[in-house]
Amino acid sequence: MTAVRGVFVLSIVAISTTLLSACVGGGKSDESSRDQEVVRVTGRVKLVTAIEQAADAGEGFALRDATSIGRYIYLGKPEGYLVCFKKENLKMQAVELYAVPEVENCPTRLGAHMATPEVPKLIGDEVQESYVSAMMAGYAPKRLKVFNADDPDTAMDPKSVAQWEVCEQSPRTGEAFDPADEMRLQVAERCP
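Each residue of the sequence shown is one higher than the one before, counting from 446 in my numbering.
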């Protein structure tokens, strides 16, 4: 019984010492505190350049919208974005890159409110081209749906109709963009 009580007391002392050192050190080691720092990127650095730098350093990366809008960042066109902020994750050997489309200016702080962009015009474009435009506007691929214009209830594989034309879109051109919306494209080989 005394041995059990001694182990219990030693365990309490060990836990207390660990908690005390965590509090004195701010609860984080120097390495993990650097993981939490978001750094503003100065100049107009293209996303493609930041990705190449991460690869050269042997790091992985994650892409995020630098604004409060929450747009999808399309990896297929990294030259179309600017990096505004980055955050290192030393444990994962990765960097989080926060970007905006290159036609915009970086926000003054990470997650700042920006003017809501408009839904782009996709009508008249080929499905393949409209898909890229929608993703560059901030729609995640899972939010893009393609339907046959002759039978709007029939979903289609966008790859099989890549050269078809977009006849209708919802949400419509010029409406306020919302990343939670589903972009529905009505397509045909040739629109009427």
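No residue lacks a Cβ here, since even glycine has one placed at the ideal position from N, Cα and C. All figures in this text were calculated on a predicted structure; none of them were measured in a lab.
Between residue i and residue j, is the Cβ-Cβ spacing less than 9 Å?
{"i": "L527", "j": "K491", "result": "yes"}
{"i": "W609", "j": "V577", "result": "no"}
{"i": "Q631", "j": "E620", "result": "no"}
{"i": "P616", "j": "M628", "result": "yes"}
{"i": "R485", "j": "E547", "result": "no"}
{"i": "A607", "j": "Y517", "result": "no"}
{"i": "E533", "j": "E497", "result": "no"}
{"i": "A582", "j": "V611", "result": "no"}
What is the residue span of the beta strand (DSSP E) that residue i lies within?
{"i": "Y526", "result": "526–534"}
{"i": "S615", "result": "610–615"}
{"i": "N593", "result": "589–593"}
{"i": "G505", "result": "505–510"}
{"i": "R629", "result": "628–633"}
What separation, rounded to the nearest whole angstrom, lies between the Cα atoms of residue i and residue j?
{"i": "T561", "j": "K587", "result": "21 Å"}
{"i": "E634", "j": "E524", "result": "31 Å"}
{"i": "T599", "j": "L589", "result": "14 Å"}
{"i": "A625", "j": "P597", "result": "21 Å"}
{"i": "L637", "j": "G521", "result": "The question names Leu, but residue 637 in the sequence shown is Pro. Looking at the two C-alpha atoms, the distance is approximately 31 Å."}
{"i": "A500", "j": "Q538", "result": "11 Å"}
{"i": "E549", "j": "E574", "result": "21 Å"}
{"i": "G641", "j": "K536", "result": "Since the first residue of the chain shown is 446 and the last is 637, residue 641 is not available in this structure."}
{"i": "A554", "j": "F622", "result": "Note on residue identity: the sequence assigns Arg, not Ala, to residue 554. Using only the alpha carbons, I get a separation of about 21 Å."}
{"i": "E504", "j": "A594", "result": "45 Å"}
{"i": "C551", "j": "V493", "result": "16 Å"}
{"i": "C529", "j": "T618", "result": "28 Å"}
{"i": "V591", "j": "P603", "result": "6 Å"}
{"i": "T487", "j": "G515", "result": "22 Å"}
Could you give the first and the last residue of the continuous alpha helix (DSSP H) run that contains residue i?
{"i": "T494", "result": "492–501"}
{"i": "Y543", "result": "Y543 -> not in any alpha helix (DSSP H); beta strand (DSSP E) instead, spanning 539–546."}
{"i": "M601", "result": "Note, M601: premise wrong, no alpha helix (DSSP H); not H, not E."}
{"i": "V572", "result": "572–582"}
My assumption, with CB atoms under 8 Å, is that residue i sits in contact with residue j. Please give the rounded CB distance.
{"i": "G556", "j": "S605", "result": "The Cβ separation is near 39 Å, so there is no contact."}
{"i": "K644", "j": "A502", "result": "Because residue 644 is not part of the residues shown, which for the chain are 446 to 637, the question remains open."}
{"i": "M580", "j": "Y519", "result": "4 Å"}
Q.
Counting beta carbon pairs with one atom in the segment 536–549 and one in the segment 502–517, are three or more of them shorter than 8 Å?
A. yes
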